[in-house]
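This report concerns only the one structure given below.
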Ligand SMILES: *Cc1c(COP(=O)(O)O)cnc(C)c1O
């Protein structure tokens, strides 16, 4: 009988296998995954310069937490915090504070935890209850906001949006009370690409705070736009630390920060807004290590890759990439509009095209999505959580690797799939 040489895949194998064979086996299986570069719904970076790849590979074994051993890596990390604090316009560059994270979710959880502590200390100093903290944000926020409320035992006051681009400012203001730890605002909405009216929010909350003797601050979720808005030619409205109540901002390095998945950033307005009790000091290998993260160990590679991207591109490089992505996004919008098959619904600020089908009643969007998949394009279909008739939307995120040839091909495919499905229905 012929011996079966295949690697057993579902058990911890009794005996090991040759690396080359293991590699081939895993690669063959992964070939069945979609092509990451054509995953148009995803915001995360899929390609970096070969020198970045080299740097990442060489530094893969480095555990970021071992500050004593890798003091230079920690210095580079802190330099990035200072650089990002600068582009986000912190008021005092002598009192900066921030941390790298695995992504924006961890950054948001940590930021909101800091707001919770800040609130708690103030309540205690005024002899007020700390039993029922709440957090106020809109229903079209990223799920990590709900996750924070659940995991960290804070009442979520999630305010429903009434249409695609509305921001429930009035309802948000009415939901604030003395137990509100923070208001959430989104610069670069995951579903619509929109930017909340943070300037207006800031001035209204300033009034409310002074009227009631409260101290409610704002956290800005800039997962998508943190590396975009500072590089746009015209920043029409203010959204960052230039606004007095914006106390913390998160950015996803692995989105438009141009780094592979696994890196996010949290930046505080001032070191004052990270309560000292939350800075965790541990004596492990050498000197005390002070951290403000959820995990202990973490690879250093993506932090270094972020530094690489910053130094490689510089402000002018980021500007150029964003400009190019925005131009391609605009071409796609125009093509979709002209085709008369689609309705473009985004506001055209970020390089993210959000659209829906025109005669959406007669074509099933999931079927549409499946036909696109057969042409290798991956596009998400989703609803926006809110109190209006759910509308199924699709999104195309234009990233650095996307060029105008691909854009044209994509538009042709979108239109032909639509027309074929529509003809089938007639
Ligand atoms: C992607 C995203 C997040 C979560 O970020 P991760 O880096 O994936 O953890 C949070 N908020 C918004 C607006 C996002 O788009």
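Residue numbers (my numbering): 26 to 451. Ideal Cβ positions, reconstructed from N, Cα and C, are used throughout, including at glycine.
Run the CB neighbour count on residue 76, radius 10 Å, all protein chains shown included, and call it buried at 16 or more, exposed below.
exposed
Any heavy atom of ligand 3 within a distance shorter than 6 Å of the CB on residue 215?
Ligands in the displayed structure: ligand 1; ligand 3 is not one of them.
Considering just the uninterrupted stretch of the alpha helix (DSSP H) at residue 313, what are its terminal residues?
Here residue 313 belongs to no alpha helix (DSSP H); instead the beta strand (DSSP E) covers 313-316.
Less than 7 Å between the C-beta atoms of residue 263 and residue 224, yes or no?
Yes, the Cβ-Cβ distance between residue 263 and residue 224 is below 7 Å.
Within its chain, find whatever has a CB closer than 6 Å to the CB of residue 314; leave out the 5 residues flanking it on each side and keep chain order.
Same-chain partners within the cutoff: 92, 307.
Member of 181, 392, 355, 255 whose CA lies at the smallest distance from the CA of residue 449
Looking only at 181, 392, 355, 255, the smallest Cα-Cα distance to residue 449 is reached by 392.
State the Cα-Cα distance for the pair residue 249 and residue 213, rounded to the nearest angstrom.
So the two alpha carbons sit approximately 5 Å from each other.
Same chain, Cβ closer than 6 Å to residue 158, five either side skipped, listed in chain order
Here the set comprises 141, 179, 204, 206.
Inter-residue Cα distance where the pair is residue 445 and residue 367:
14 Å
With a Cβ-Cβ cutoff of 7 Å, do residue 211 and residue 171 count as a contact?
No, the pair does not count as a contact, with Cβ atoms beyond the cut-off.
So, do the stretch 399-409 and the stretch 61-71 have three or more beta carbon pairs nearer to each other than 8 Å?
yes
Using only the alpha-carbon positions, how far apart do residue 32 and residue 71 sit?
30 Å
Would the beta-carbon of residue 129 be found less than 6 Å away from any heavy atom of ligand 1?
Placement of the Cβ of residue 129 at a distance of less than 6 Å from at least one heavy atom of ligand 1 is found.
Specify the secondary structure class of residue 231 as computed by DSSP and reduced to three states.
helix
Between residue 296 and residue 107, what straight-line distance do the alpha-carbon atoms span, to the nearest angstrom?
12 Å
Extent of the continuous alpha helix (DSSP H) to which residue 50 belongs
44-55
Output the distance between the C-alpha atoms of residue 90 and residue 323, rounded to the nearest integer angstrom.
One C-alpha to the other measures close to 7 Å.
Got a sec, what are the start and stop residues for the beta strand (DSSP E) residue 163 sits in?
159-163
For residue 21, is the beta carbon positioned less than 6 Å from some heavy atom of ligand 1?
Lying before the first or after the last residue shown, residue 21 is absent from the chain, which here runs from 26 to 451.
So, are the CB atoms of residue 251 and residue 276 less than 7 Å apart?
A distance below 7 Å separates the beta carbons of residue 251 and residue 276.
Using 10 angstroms around the beta-carbon of residue 124, count the other beta-carbons present and answer buried if the total reaches 16, otherwise exposed.
buried
Taking buried to mean at least 16 other C-beta atoms within 10 Å of its own C-beta, is residue 51 buried or exposed?
exposed
Please name the residue in 198, 283, 184 whose C-alpha comes closest to that of residue 413.
184
Return the first residue and the last residue of the beta strand (DSSP E) that residue 368 is part of.
Counting along the chain, the beta strand (DSSP E) containing residue 368 begins and ends at 367-369.
Give me the Cα-Cα distance between residue 427 and residue 152, rounded to the nearest whole angstrom.
Residue 427 and residue 152 have their C-alpha atoms some 56 Å from each other.
Check whether the stretch 318-335 touches the stretch 377-386, taking contact to mean three or more Cβ pairs, one atom from each stretch, closer than 8 Å.
no
Backbone CA spacing between residue 434 and residue 348 [nearest angstrom]:
21 Å
Count the other CB atoms within 10 Å of the CB of residue 339; is the residue buried (16 or more) or exposed (fewer)?
exposed
Are the CB atoms of residue 300 and residue 134 nearer to each other than 7 Å?
no
Residues in the same chain with beta-carbon distance under 6 Å from residue 114, minus the five sequence neighbours each way, listed in chain order, please.
265, 266, 267
By how many angstroms is the C-alpha of residue 209 removed from the C-alpha of residue 95?
35 Å
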